[in-house]
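Have a look at the structure below, then the notes.
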Amino acid sequence: MGILKSITSFFKGKRNKKETLKEKEKKILTEVKPIKPALKKKKSLESKKKTELKPMLKEKKSLVPKKKTELKAILKKKKSLEPKKNPETESDFRQKQSSQLKKKSDFISKQESFDTKKKLEKGLEKTRKSFFAKLGNAILGKNKVDNDVLDNLEEVLITSDVGVKTTIKIIEALETRVSKDKYLGTDQLMKMLREEIITLLLKQSDTNNFYPNNHDFKNPYVIMVVGVNGVGKTTTIGKLAHKFKKEQKQVILGASDTFRAAAIDQLKIWAERVNVPIVSQDLGSDPASVAFDTLQSAKSSNKDIVIIDTAGRLHNKVNLMNELSKIKRVMDKVIPNAPHEVLLVLDGSTGQNAFEQAKQFTAATDVNALAITKLDGTSKGGVVLGVSDEFKIPVKYIGIGESIDDLQVFNKEEFIDSFFNN
Ligand SMILES: Nc1nc2c(ncn2[C@@H]2O[C@H](COP(=O)(O)OP(=O)(O)OP(=O)(O)O)[C@@H](O)[C@H]2O)c(=O)[nH]1
Ligand SMILES: [Mg+2]
1 MGILKSITSF FKGKRNKKET LKEKEKKILT EVKPIKPALK KKKSLESKKK
51 TELKPMLKEK KSLVPKKKTE LKAILKKKKS LEPKKNPETE SDFRQKQSSQ
101 LKKKSDFISK QESFDTKKKL EKGLEKTRKS FFAKLGNAIL GKNKVDNDVL
151 DNLEEVLITS DVGVKTTIKI IEALETRVSK DKYLGTDQLM KMLREEIITL
201 LLKQSDTNNF YPNNHDFKNP YVIMVVGVNG VGKTTTIGKL AHKFKKEQKQ
251 VILGASDTFR AAAIDQLKIW AERVNVPIVS QDLGSDPASV AFDTLQSAKS
301 SNKDIVIIDT AGRLHNKVNL MNELSKIKRV MDKVIPNAPH EVLLVLDGST
351 GQNAFEQAKQ FTAATDVNAL AITKLDGTSK GGVVLGVSDE FKIPVKYIGI
401 GESIDDLQVF NKEEFIDSFF NN
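Below is the structure:
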């Protein structure tokens, strides 16, 4: 009996298990059921997308052959424009092209020199107007060049800041000419004056090439800029860097004016404007050390031109003048014979004072080039004639404004032309 009971309970248990399994299966199926409509939805979306994409693809396809045909037409047109591969016509074509290029570059350089001339004329306007107004008064009512006229002319030249020495030379030359022709009219005075000034200036050796022609560029060409406070050193450096850059030269600047924070910033602004690198140190650091760093950097990065700014100083401040000598000595250690150019900047608007500065500075340090700035804002432009006549050092540059392009290479003939062109 016991055995029978246990057998029935065993089968009962199995049936129970079967039933629970069936129930589980049922439950899963009801849970899975909702997936079906979702799949259906996805499929319908896909087919919808396909039908939507089809016309788009069609459109794209229709565009491609269109492009091809357009391209073909363009190529055909281009071919028809190209010179035929006939050797004769090809060389003709090349010649034509090079002559056109030459014409274009001639036109640009003509335009540039025209602009330079116009700028110079404008820069010298104040000096010219004042000079000719004075000259007009000096010869007023006279119809021949006599001693009176020459005396008056002497005064005009001196008050126009030409300088005593240069004025005497000009007047003596004119006296000799007048003594040969007693009836020389005042209308001819201008022509004579122009000729005498040109003769005088051309006697000077013409070493003032803008470009350091005799430098072989195995090493960078080093320019150290010096002068008293506020004459335009930093501005001239910015303009110079721009000029060299236009000549495809690699330029680097050195901020050796460590005396004022604003001086370092001012040079940095110029470097940024011209897009050239700059070497600087902190305010108050040794100017010679900045120069050393700049020259080393120039050497290692194969620069062509180095321009070193220095603090404004008076020639009679011994310590400051010694500082210049130290900067020079340090430079020479990095690059032999550097600085190759010591450029003294003079403020033209200070007239006779500029003469004095040139005298004192050239005596105290080895200046070998001059720049005369601020000629645009003054009637004292005659200082350029006097300075370039009196000093053995050439006037290399003139500043005729505050803008980047307002620095010109001093050309004696052009200067005289612009001066007398009224
Ligand atoms: N009109 C005119 N202004 C100029 C010319 N060159 C420089 N300047 C101006 O003169 C002022 C002084 O110029 P800077 O370049 O700072 O002079 P600096 O010699 O470096 O002065 P310090 O560093 O203080 O010794 C600035 O306002 C310049 O814009 C010029 O050719 N024409
Ligand atoms: Mg400065």
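In this note's numbering, the protein residues as written are 1 to 422. Backbone N, C-alpha and C define an ideal beta-carbon position, used for all residues, glycine too.
In this structure Ile307 is in contact with Val225, their Cβ atoms being roughly 7 Å apart against a cut-off of 8 Å. For Gly351, there is no enclosing beta strand (DSSP E), as DSSP marks it with neither H nor E.
For Glu175, the CB stays at least 6 Å from every heavy atom of ligand 1. Around Gln360, the same chain offers His315, Asn316 as residues with beta carbons nearer than 8 Å, after the five sequence neighbours per side are excluded. DSSP places Thr310 in the coil class of the three-state scheme, outside both helix and strand. Looking only at Asn147, Pro277, Ala138, the smallest Cα-Cα distance to Leu157 is reached by Ala138. Under DSSP, Ile372 shares a beta bridge with Leu346, Ile398. Screening all residues for a C-beta within a distance smaller than 7 Å of any heavy atom in ligand 2 leaves Lys233, Thr234, Asp257, Ala263, Gln266, Asp309, Gly312, in chain order. Taking a cut-off of 8 Å on C-beta distances, the segment 194-202 does not touch the segment 225-238, as fewer than three cross pairs fall below it.
Not one heavy atom of ligand 1 lies closer than 6 Å to the C-beta of Lys317. Under DSSP, the beta-bridge partners assigned to Gly254 are Val279, Ile308.
In its own chain, leaving out the 5 sequence neighbours on each side, no residue places its CB closer than 6 Å to the CB of Ser325. Cα atoms of Asn368 and Asp389: separation of roughly 15 Å, rounded to the nearest angstrom. Segment contact: the segment 245-261 against the segment 272-289, three or more CB-CB distances shorter than 8 Å; contact assigned. The segment 185-193 makes no contact with the segment 379-387, as fewer than three CB pairs between them are under 8 Å.
Taking a C-beta distance under 7 Å as the contact criterion, Ile400 and Leu375 qualify as a contact pair. Annotation for Gln296: the continuous alpha helix (DSSP H) segment containing it runs 287-300. In the structure shown, Ile404 adopts coil according to DSSP, grouped into three states. Using a Cβ distance threshold of 7 Å, Ile305 and Asn219 do not count as a contacting pair. Remark: C-beta atoms of Val345 and Gly227 approach each other more closely than 7 Å. Excluding its 5 nearest sequence neighbours in each direction, Lys129 has no C-beta neighbour in its own chain below 7 Å.
Judged by DSSP secondary structure, Val334 falls within the alpha helix (DSSP H) whose first and last residues are 318-334. A straight-line Cα-Cα distance of about 28 Å links Asn214 and Lys102. Contact between Pro394 and Val222 fails: their C-beta atoms lie close to 18 Å from each other, not under 8 Å.
Rounded to whole angstroms, the Cβ separation of Gly238 and Val274 is 6 Å, and the two are in contact under 8 Å.
Residue environment: Leu202 is assigned as exposed (fewer than 16 neighbouring CB atoms within 10 Å of its CB, all protein chains considered).
By the CB criterion at 7 Å, Ser349 and Thr378 fall inside the cutoff. Secondary structure in the segment 175-240: the alpha helix (DSSP H) runs of 4 residues or longer, each lying completely within the stretch, are 189-202 in chain order. As computed with DSSP, Lys144 is found in a beta bridge with Gly185. Distance from the CA of Asp181 to the CA of Asp148, rounded to the nearest whole angstrom, comes to 16 Å. Val409 is bridged by DSSP to Tyr397.
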